[in-house]
Amino acid sequence: MVRELPPEARPREKLLARGPQALADAELLALLLRTGLAGQPVLHFAQALLDRWGGLSGLLQATPAQLASVKGLGPAKRAELLAVTEMVRRALSERLRERPVLDAPAAVMDVLRLHMADRAHEVFAVLFLDSQHRLIALEELFRGTLDQTSVYPREVALRALHHGAAAIILAHNHPSGVAEPSRADEALTRNLKAALGLLDIRVLDHFIVTRAGCTSMAERGLI
1 MVRELPPEAR
11 PREKLLARGP
21 QALADAELLA
31 LLLRTGLAGQ
41 PVLHFAQALL
51 DRWGGLSGLL
61 QATPAQLASV
71 KGLGPAKRAE
81 LLAVTEMVRR
91 ALSERLRERP
101 VLDAPAAVMD
111 VLRLHMADRA
121 HEVFAVLFLD
131 SQHRLIALEE
141 LFRGTLDQTS
151 VYPREVALRA
161 LHHGAAAIIL
171 AHNHPSGVAE
181 PSRADEALTR
191 NLKAALGLLD
201 IRVLDHFIVT
211 RAGCTSMAER
221 GLI
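Those letters in the sequence shown? Residues 1 to 223, per the UniProt record's numbering, in order.
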């Protein structure tokens, strides 16, 4: 158990003495969990959760139902994990509302990976931007197998007009883990760019999101 460790090795004391960056992922998670299971100290329990979801990113993507299925994660612990996830999302979104997204591509990718990298199904999202390319809103608009017949330009345009957006960034995940844009992705992007161009709304980029990272179609010269 944590209290059986030397004081300097206990996660809370270690954090206070050396800062949060000194803690391993399992130690940070153990601070939230506080207790483990019978026969499984909290540090071991924390590491087991990280192993189950492939790290912190995967754990933060877990749904309430998935968390509820884990023995030892009662309502209080699940609520804390979900609250931390939402705090991270809001903090990252605040960064994009304070400065142009084109000045913070890493922050854009962080937001997108947190929102959709670990989804088991495809999700299509749109970042709506003002005239200075600061974030107004991020919305998931479509789910399932995505192509130009299942993503409706009219709905994207209506949401853009609702937000008064001057530009947008498109994003969708590849659950396969392959971050390369497909021919269907290229066709969909051209279709949306042409439709939104009629409304003087620019499509700045289209990101393909996986757990390993994001691919920018603009950087590939495909926008």
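From the three backbone atoms N, C-alpha and C, an ideal C-beta is built for every residue, glycine too.
For residue i, the three-state DSSP class (helix, strand or coil)
| i | result |
| --- | --- |
| R95 | helix |
| Q61 | helix |
| D51 | helix |
| A30 | helix |
| Q66 | helix |
| G197 | helix |
| R10 | coil |
| L127 | strand |
| D118 | coil |
| R211 | coil |
| A222 | Looking at the sequence provided, one finds Leu at residue 222 rather than Ala. In the structure shown, L222 sits in coil (DSSP, three-state: anything other than H, G, I, E or B). |
| H206 | strand |
| A24 | coil |
| T149 | Any answer about T149 is weak, because its pLDDT of 46 lies below 50 and its placement is not dependable; what the coordinates show is given next. In this structure, T149 counts as coil in the three-state DSSP scheme. |
| L73 | coil |
| R134 | coil |
| S216 | strand |
| E139 | strand |
| A38 | coil |
| H174 | coil |
Inter-residue CB distance, residue i and residue j (contact presumed, cutoff 8 Å)
| i | j | result |
| --- | --- | --- |
| A117 | V209 | 5 Å |
| D205 | A218 | 4 Å |
| E122 | P175 | 6 Å |
| L127 | A68 | Actually they do not touch by this definition, with Cβ atoms about 30 Å apart. |
| E155 | L138 | Contact flag wrong, Cβ pair sits at about 15 Å. |
CA-to-CA distance, residue j to residue i, given in whole angstroms
| i | j | result |
| --- | --- | --- |
| G221 | F207 | 12 Å |
| Q66 | L60 | 11 Å |
| G74 | A125 | 31 Å |
| L51 | A166 | The sequence shown places Asp at residue 51, not Leu. Between D51 and A166, the C-alpha separation is close to 42 Å. |
| A160 | I168 | 8 Å |
| P11 | C214 | 32 Å |
| L29 | H163 | 37 Å |
| A184 | H115 | 22 Å |
| L33 | G177 | 30 Å |
Exposure label - residue i; buried when at least 16 CB within 10 Å
| i | result |
| --- | --- |
| R113 | buried |
| T35 | exposed |
| L37 | exposed |
| P20 | exposed |
| S131 | exposed |
| L49 | buried |
(request) Report yes or no: do three or more beta-carbon pairs, one from the stretch 91-102 and one from the stretch 188-202, lie closer than 8 Å? (result) Too few Cβ pairs lie closer than 8 Å, so no.
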